[in-house]
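Data block below; observations after.
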Amino acid sequence: MVAQLEASVEEAVSSHTWVDLQPMLPSCLSEEDSGLLIGQVLRTLGAQSTTQILGSAVVSEKFVSDCMGLFDDIMQLKAQKEVKSNPVFLITEEDLKVSALLESTTTSRKDKREERRKKAAGD
């Protein structure tokens, strides 16, 4: 059984896809035990960094990144549409400059107050 799990995971990783291991696991295993067994298989194969576990499914990182790539253009268009329809969410460079200026002004005021307090306490 472990050899079959390992072979299935190796195939999913090498072909940049995913595999659901639940049909290969004994039905008497709890969800937690199944997760431990799947984790052990991934450690044995050294595939922890190249996969994601989603329940009993093992998904290749390459598969995930390829799927995300399919949505890049759509998400960019949605973000642009959202910015145009809700300018409240738009932060410009000017907003960042003003924020930094206000922060530095507040800090310098606090520093001056501290200096006056120290001077008054010292006298």
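In the numbering used here, the protein residues as written are 75 to 197.
Even glycine gets a Cβ: it sits at the ideal position worked out from N, Cα and C.
Could you have a look at residue i and say whether DSSP puts it in helix, strand or coil?
{"i": "Ala194", "result": "helix"}
{"i": "Ser101", "result": "coil"}
{"i": "Thr118", "result": "helix"}
{"i": "Thr166", "result": "coil"}
According to DSSP, what are the bridge partners of residue i?
{"i": "Ser134", "result": "Thr125"}
{"i": "Asp94", "result": "Ala131"}
Do residue j and residue i have their beta-carbon atoms positioned less than 8 angstroms apart in this structure?
{"i": "Leu116", "j": "Val83", "result": "yes"}
{"i": "Leu95", "j": "Val132", "result": "yes"}
{"i": "Glu80", "j": "Val93", "result": "no"}
{"i": "His90", "j": "Ser123", "result": "no"}
{"i": "Ser108", "j": "Leu119", "result": "no"}
{"i": "Ala121", "j": "Val157", "result": "no"}
What residue does the alpha helix (DSSP H) around residue i start on, and which one ends it?
{"i": "Ser82", "result": "76-88"}
{"i": "Ile148", "result": "146-159"}
Practice problem: Report yes or no: do three or more beta-carbon pairs, one from the region 120-135 and one from the region 105-112, lie closer than 8 angstroms? | Solution: yes
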